[in-house]
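Residue numbers (the numbering used here), protein chains in the order written: chain A, 1011 to 1252; chain B, 2 to 238.
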């Protein structure tokens, strides 16, 4: 996959950001709820730091500006779908401008637990307009790599039930009542989210990783890909056996 | 492609725009009161007033955390919440919704802050298109006189202090409002604003507003389509 150098914005440059100054690497881990993203990110962080890289890890709804407001809004009962998209976009913009961009300027490796793709997938799952969502998120930087941890709905269900042991209201898309109860709504909502992410995979050049594999195997696969980002293969690659 | 989302509901949306000190809020509340006195269902909504978003906005303002992009996004979030939770249901129910400021405020103000016009116009594409948009045209000095005389302090973002136009808050406010005024003037025709001369007397402006409302919405009102008190209008079905 070609690495855009310097980094670029998707469609709308952020006021006051000179992309030529951004020296670091922006790596995104995407995937549906409970697929195991955060486990991988914490291991990747340790590994990257051992290699001498400074790492910033960040993720959805962790901004200084909007994280508290989002958490509170999700506890109430009036958070509409467009409002949710825009609240998350506010959170994302705050982190992009105040954490991600400064870290990239300083030459950090930025590991982000989800990016605009989850935000868009959630909107799409709620029948929001695709082109609207894309343009709203157009101020995002094109990452060096997007690793999409992909799992199907049955395996997500099993992770939720055997792991945390209950269905979450928002992870089940209960605000939209996709089904009569949390389980049925979860199944339908997550299927919509996965479908939306799958559709983005080609356009946004995701590297899809099968998340049904054991965590160690996924980790090694991520390591291999990320090594490739830092040490791009020489032009003449020895031909592999078919 | 339409800029906004057409209003397909029974109710009607009336909005007012203008720089600070143009008198638009005074006029809108007089109008709302009059419509109500005619037996019509009226609902009012103000810019930047969603309880869901309030704390975040307050926090961002207090700690000066906003950039042009986040400032724009949080106001869009605020509007989305008011539209989803209040404006839409009221329009569906058949009320006349009176909104003090609308997406055009963002089109003017956020663009002055440096946000791309194309991006911010897309941002509000979900907003229901007003049936009537009033723009209160006023010379900068008149508006400034009303604001600077009547209020004790102008706030940081209100004065556009984040734009570093001037270190003096009054001067910054003057420059910022002047630029917003230019943006409003630039879009007045495109957006189909009904322009009200906001230097006229309060009474004259109000009469002009009422006249335009009846001219534009009179038929819908007379038909009984707008939610109203029993016996106020005879529906000619």
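C-beta: ideal position from N, C-alpha, C; glycine also.
Cutoff 8 angstroms: residue i Cβ touching any chain A Cβ
i, result
"residue 189/B", "no"
"residue 91/B", "no"
"residue 69/B", "yes"
"residue 66/B", "yes"
"residue 50/B", "no"
"residue 200/B", "no"
"residue 266/B", "Nothing about residue 266/B can be reported from this structure: the residues present for chain B run from 2 to 238 only."
"residue 106/B", "no"
"residue 112/B", "no"
"residue 54/B", "yes"
Start-to-end residues for the alpha helix (DSSP H) that takes in residue i
i, result
"residue 200/B", "Unbroken run through residue 200/B: none, as it is neither H nor E."
"residue 47/B", "Unbroken run through residue 47/B is the beta strand (DSSP E), 43-47; no alpha helix (DSSP H)."
"residue 105/B", "104-113"
"residue 188/B", "170-188"
"residue 64/B", "From DSSP, residue 64/B is part of no alpha helix (DSSP H); its letter is neither H nor E."
"residue 1104/A", "1091-1105"
"residue 1152/A", "Here residue 1152/A belongs to no alpha helix (DSSP H), and DSSP marks it neither H nor E."
"residue 1194/A", "1192-1213"
Of the listed residues the options, nearest to residue i (C-alpha basis)
i, options, result
"residue 1119/A", "1217/A, 1055/A, 1027/A and 1020/A", "1055/A"
"residue 1231/A", "1153/A, 1131/A and 1158/A", "1158/A"
"residue 24/B", "94/B, 143/B and 189/B", "143/B"
"residue 1240/A", "1063/A, 1042/A and 1174/A", "1063/A"
"residue 1046/A", "1020/A, 1174/A and 1085/A", "1174/A"
"residue 1107/A", "1150/A, 1167/A, 1168/A and 1094/A", "1150/A"
"residue 1135/A", "1016/A, 1214/A, 1206/A and 1034/A", "1206/A"
"residue 19/B", "202/B, 179/B and 212/B", "179/B"
"residue 88/B", "140/B, 133/B and 129/B", "129/B"
"residue 145/B", "21/B, 11/B and 4/B", "21/B"
DSSP bridge partner residues for residue i (one or two, in chain order)
i, result
"residue 1036/A", "1120/A"
"residue 1071/A", "Residue 1071/A pairs with nothing; no bridge assigned."
"residue 76/B", "The partner list for residue 76/B (beta bridge, DSSP) is empty, contrary to what the question assumes."
"residue 100/B", "16/B and 46/B"
"residue 6/B", "129/B"
"residue 195/B", "135/B"
"residue 1066/A", "1120/A"
"residue 229/B", "41/B"
"residue 1019/A", "1151/A"
Closer than 8 angstroms to chain B by CB, residue i
i, result
"residue 1024/A", "yes"
"residue 1185/A", "no"
"residue 1104/A", "yes"
"residue 1018/A", "no"
"residue 1012/A", "Residue placement at residue 1012/A cannot be trusted, given a pLDDT of 46 that sits under 50; what the coordinates show is reported in the next sentence. Output row for residue 1012/A: interface = no."
"residue 1240/A", "no"
"residue 1152/A", "no"
"residue 1107/A", "yes"
"residue 958/A", "Residue 958/A is absent from the model: chain A starts at 1011 and stops at 1252."
"residue 1079/A", "yes"
"residue 1218/A", "no"
"residue 1111/A", "no"
"residue 1097/A", "yes"
"residue 1086/A", "yes"
"residue 1114/A", "no"
Extent of the continuous beta strand (DSSP E) run through residue i
i, result
"residue 18/B", "13-18"
"residue 1216/A", "1216-1220"
"residue 1156/A", "1155-1160"
*asked:* By the 9 angstroms beta-carbon criterion, what residues does the segment 1055-1076 of chain A contribute toward chain B?
replied: Under the 9 angstroms Cβ criterion, the segment 1055-1076 of chain A contributes 1073, 1074, 1075 and 1076.
*asked:* Along the segment 73-88 of chain B, where does the CB come closer than 8 angstroms to a CB of chain A? Name the residues.
replied: If the cut-off is 8 angstroms between Cβ atoms, the segment 73-88 of chain B has 74, 75, 77, 78, 81, 82, 84, 85 and 86 near chain A.
*For the segment 124-151 of chain B, which residues have a CB atom closer than 9 angstroms to at least one CB atom of chain A, in sequence order?*
Answer set for the segment 124-151 of chain B: 124, 126 and 127.
*asked:* Tell me which residues of the segment 22-39 of chain B have at least one Cβ-Cβ distance to chain A shorter than 7 angstroms, keeping chain order.
replied: So the list is empty, because no residue satisfies the distance condition.
*According to a CB-to-CB cut-off of less than 7 angstroms, which residues of the segment 1130-1155 of chain A neighbour chain B?*
Here the close residues are 1142, 1145, 1146, 1148 and 1149.
*Listed from N- to C-terminal order along the chain, which residues in the segment 149-179 of chain B have their beta-carbon within a distance smaller than 8 angstroms of any beta-carbon of chain A?*
Answer in chain order: no residues at all.
*asked:* Using a Cβ-Cβ cutoff of 9 angstroms, what residues of the segment 1032-1053 of chain A are near chain B? List them in chain order.
replied: Close to chain B, meaning a Cβ-Cβ distance shorter than 9 angstroms, is no residue of the segment 1032-1053 of chain A at all.
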